[in-house]
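K.L.:
Protein chains in written order, with our numbering: chain R, 77 to 295; chain F, 558 to 1041. For every residue, glycine included, the Cβ atom is placed at its ideal position computed from N, Cα and C.
This is how it looks when you write it as structure tokens:
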């Protein structure tokens, strides 16, 4: 699979570093620009699969930049502190694929990046790891070529692990991403589902419990 | 009921009543006059005939007294001459037996019984729509009393009255209609400004504060319209102020959210990384360092915000100090750090006593000097905008006493600002150069704090700037030269 190229545009160096670091760890190739002019130069020079764009930028702001990018068929995710609904709507109307407000969680950023890339057919629909194969289009999971029956929750948990290999996933994170809503400290639900999933796909060793935290897919 | 209708109906009612009463009085007095004339006429006619009959009958020998008929015939025909046929006359004796009648009298009822026997008199009778005066007089002849009754037709008088009456009714109706139309127009015209006022008030109630009532002039309605317009203006002004305040408030919250969220994003992100993965030493250090620096930034922001909030509610601790000592102390305090960045500072201060809150004013002057220092850009950077025209970076602090006010001016020959930037620099979180202010740790609250301090001292803060030439900031407060 080819590495996807992502351009991160934000005037805050600390945030750029953070985003770039995490995207690179997840296997993307990244570039960054600290202002609008630089961003346009880089977009013209390189072929990017996705642009993460802040709205308040020096020199050329994100909205103008968006108007430039939208004709290039490059998907854009807005990354901004403006959280009002009307700002979101305005951002999406400009043609952005998604809109993420600061402060955001890394895991959410990665999920959205992947979703957008997938939607725009920039990356494949199938995850393969060890003997497991997860097809997002068909919604099926195969172990060594044989179908495994998973509930919808188990499927979502597996997808979360596959998307974040080697990362400790907190129980609350798993809960929030799979069940939605905020985590109220009831860890048994998550534990029960993870244990059932482990048994069904035979990954008792691979999905490791992290003491007091949650679980991690060891690679 | 509408005001115009009230005016209309009242006027119509009054006009109708006055016309009717006046007309009645007038017509009855006319009738009275005509009647009196007719009665006089009837009386004189009767008296003349009476006199003639009396004289003629006295000439008769007593035995012929009975033959009054012949006498009357003779006398009347000679007196009335040819008009005898038309004048109705009757002569009767005391038993009311008719002794003589002219042909014109035929058909008339005698009216003796209505008039006293001793005196002459008249009675007005009406019959079949006709009116007549029966005048009755008596004369004595021997032992008998004879009666002369003349009749005068006065139907004409009453007919005239009726005609006039009809005319008058028509006139009244006509006049009422004309008056009505005029009054209606008049009342519409009079109430027009009131209606316009009411429309304006309704529009205003719906939220259109720009609306104004028509209407000028010196009358009450005109004055009311003017008062209304004044009120509307005051209201509009107030609403604009409120909207402006709301806009500022929203902008402040928006900027505040942005200022808080930016460091928070870094802190949360790096912390999340640290807790989720085994990271190489280098990245771990970078993450920790960023978290530390961004926390410091949040801390600085919260302190500045606290300053801003405290300032809004703080009682000033005013004391009188010498301007020269105060300002020179500040400039010598900040001079070394400016010189380190290659910026010269000169102080030219006229001494005067100024009454200030020393702590706040120190913050103010330091802030202004810091801002002036930032107009040159960072030290060591090759920023072309930071290079002054004269080649040397320079800040001047000037204090002048002028017309009972003390003016402190901080001038720099840095890069200056464009007018649209100048207009917004005292807004909280506004930064002319966002990127640089961030790296130098500014929260964008400095001038907002400055303008609050100056406001608390009842002074003015003014800016003059030209891109490429530099900026002058002037603080002007009330002061006295009491120490000289």
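Would you list the one or two residues that DSSP bridges to residue 710 of chain F?
P.N.:
According to DSSP, residue 710 of chain F bridges with F:689.
K.L.:
Listed in chain order, which residues of the segment 234-251 of chain R have Cβ atoms closer than 9 Å to some Cβ of chain F?
P.N.:
Residues 240, 242, 243, 244, 245, 246, 249.
K.L.:
In angstroms with no decimal places, state the Cα-to-Cα distance between residue 189 of chain R and residue 277 of chain R.
P.N.:
Going by the C-alpha atoms only, they are around 27 Å apart.
K.L.:
So, is residue 961 of chain F buried or exposed, given that buried needs 16 or more other C-beta atoms within 10 angstroms?
P.N.:
Answer is exposed; the Cβ neighbour count stays below 16.
K.L.:
Between residue 141 of chain R and residue 160 of chain R, how many whole angstroms is the CB-CB distance? I'm expecting something under 8 Å.
P.N.:
At roughly 20 Å, the Cβ-Cβ gap does not stay under 8 Å, so residue 141 of chain R and residue 160 of chain R are not in contact.
K.L.:
Are residue 146 of chain R and residue 171 of chain R touching if we call contact CB-CB under 8 Å?
P.N.:
Yes, these two residues count as a Cβ contact at 8 Å.
K.L.:
Does the separation of the CB atoms of residue 592 of chain F and residue 714 of chain F fall below 8 Å?
P.N.:
A contact, by the Cβ cut-off of 8 Å.
K.L.:
How many angstroms separate the CA atom of residue 103 of chain R from the CA atom of residue 96 of chain R?
P.N.:
Roughly 11 Å separates the two Cα atoms.
K.L.:
By DSSP, does residue 295 of chain R sit in helix, in strand, or in coil?
P.N.:
Coil, per DSSP.
K.L.:
Closer than 8 Å is the cut-off here; do at least three beta carbon pairs connect the segment 737-748 of chain F with the segment 705-725 of chain F?
P.N.:
With the cut-off at 8 Å, the segment 737-748 of chain F and the segment 705-725 of chain F do not touch.
K.L.:
Span of the beta strand (DSSP E) holding residue 1006 of chain F?
P.N.:
Run containing residue 1006 of chain F: none in the beta strand (DSSP E); it sits in the alpha helix (DSSP H), 1003-1013.
K.L.:
Give the interface partners of residue 984 of chain F over in chain R, defined as CB-CB distance under 8 Å, in chain order.
P.N.:
Going along chain R, no residue has its Cβ under 8 Å from residue 984 of chain F, so there is no contact; the nearest lies around 15 Å.
K.L.:
Comparing alpha-carbon positions, which option in F:913, F:885, F:861 lies nearest residue 878 of chain F?
P.N.:
Of the listed residues, the one whose Cα sits closest to residue 878 of chain F is F:913.
K.L.:
Count the other CB atoms, across all protein chains shown, that sit within 10 Å of the CB of residue 290 of chain R; report buried if there are 16 or more and exposed otherwise.
P.N.:
By the neighbour-count rule (16 or more Cβ atoms within 10 Å), residue 290 of chain R is buried.
K.L.:
Indicate whether the contact test is met: 3 or more Cβ pairs, each with one atom in the segment 953-960 of chain F and one in the segment 766-785 of chain F, closer than 8 Å.
P.N.:
Counting Cβ pairs under 8 Å, fewer than three are found: no touch.
K.L.:
Looking at the unbroken alpha helix (DSSP H) that takes in residue 163 of chain R, where does it start and where does it end?
P.N.:
Segment 161-169, the alpha helix (DSSP H) holding residue 163 of chain R.
K.L.:
Measure the alpha-carbon distance for residue 283 of chain R versus residue 898 of chain F and round it to whole angstroms.
P.N.:
Between residue 283 of chain R and residue 898 of chain F, the C-alpha separation is close to 57 Å.
K.L.:
Roughly how many angstroms separate the alpha carbons of residue 862 of chain F and residue 761 of chain F, rounded to a whole number?
P.N.:
When rounded, the distance between both Cα atoms is 39 Å.
K.L.:
In whole angstroms, what is the alpha-carbon distance linking residue 698 of chain F and residue 716 of chain F?
P.N.:
Straight-line Cα distance between these residues: approximately 40 Å.
K.L.:
Residue ranges of each alpha helix (DSSP H) run of no fewer than 4 residues wholly in the segment 814-890 of chain F, ordered along the chain?
P.N.:
The qualifying runs are 838-870.
K.L.:
By the three-class DSSP mapping on this structure, what secondary structure does residue 356 of chain R have?
P.N.:
Beyond the ends of chain R as shown, which are 77 and 295, falls residue 356 of chain R; an answer cannot be given.
K.L.:
Give the DSSP-derived three-state secondary structure of residue 212 of chain R in the structure shown.
P.N.:
Note: residue 212 of chain R maps to coil in three-state DSSP.
K.L.:
The segment 84-101 of chain R: which residues have C-beta closer than 8 Å to a C-beta of chain F, in chain order?
P.N.:
If the cut-off is 8 Å between Cβ atoms, the segment 84-101 of chain R has 87, 88, 90, 91, 93, 94, 95, 97, 98, 101 near chain F.
K.L.:
Which class does residue 780 of chain F belong to by DSSP, given the choice of helix, strand or coil?
P.N.:
If DSSP states are grouped into helix, strand and coil, residue 780 of chain F belongs with the helices.
K.L.:
So, do the segment 565-585 of chain F and the segment 731-742 of chain F have three or more beta carbon pairs nearer to each other than 8 Å?
P.N.:
Short answer: they touch.
K.L.:
Can you list, in chain order, the residues of its chain whose CB lies under 7 Å from that of residue 558 of chain F, leaving out five sequence neighbours each side?
P.N.:
Answer for residue 558 of chain F: no residue qualifies.
K.L.:
Straight-line CA distance for residue 237 of chain R to residue 292 of chain R?
P.N.:
Distance between the alpha carbons of residue 237 of chain R and residue 292 of chain R: 7 Å.
K.L.:
Are the CB atoms of residue 906 of chain F and residue 881 of chain F nearer to each other than 8 Å?
P.N.:
Contact: yes.
K.L.:
Buried or exposed: residue 562 of chain F, going by 16 or more other Cβ atoms within 10 Å of its Cβ?
P.N.:
With fewer than 16 other Cβ atoms within 10 Å, it is exposed.
K.L.:
At least one CB of chain F closer than 8 Å to the CB of residue 181 of chain R: is that the case?
P.N.:
Closer than 8 Å: yes.
K.L.:
What did DSSP end up calling residue 746 of chain F once you bin it into helix, strand or coil?
P.N.:
Helix, per DSSP.
K.L.:
For chain F, find out if any of its Cβ atoms is closer than 8 Å to the Cβ of residue 169 of chain R; answer yes or no.
P.N.:
Chain F contact via Cβ: absent.
K.L.:
Residues of chain R with a CB under 8 Å from the CB of residue 834 of chain F: which are they?
P.N.:
101, 242, 243, 244, listed in chain order.
K.L.:
Distance, Cα to Cα, residue 81 of chain R vs residue 100 of chain R?
P.N.:
Using only the alpha carbons, I get a separation of about 10 Å.
K.L.:
Please list the partners that residue 178 of chain R has in chain F, where partner means a Cβ-to-Cβ separation under 8 Å.
P.N.:
Those within 8 Å of residue 178 of chain R in chain F are 818, 819, 821, 822.
K.L.:
Using alpha carbons as the reference points, say which of R:90, R:210, R:148 lies closest to residue 221 of chain R.
P.N.:
The residue with the shortest Cα to Cα distance from residue 221 of chain R is R:210.
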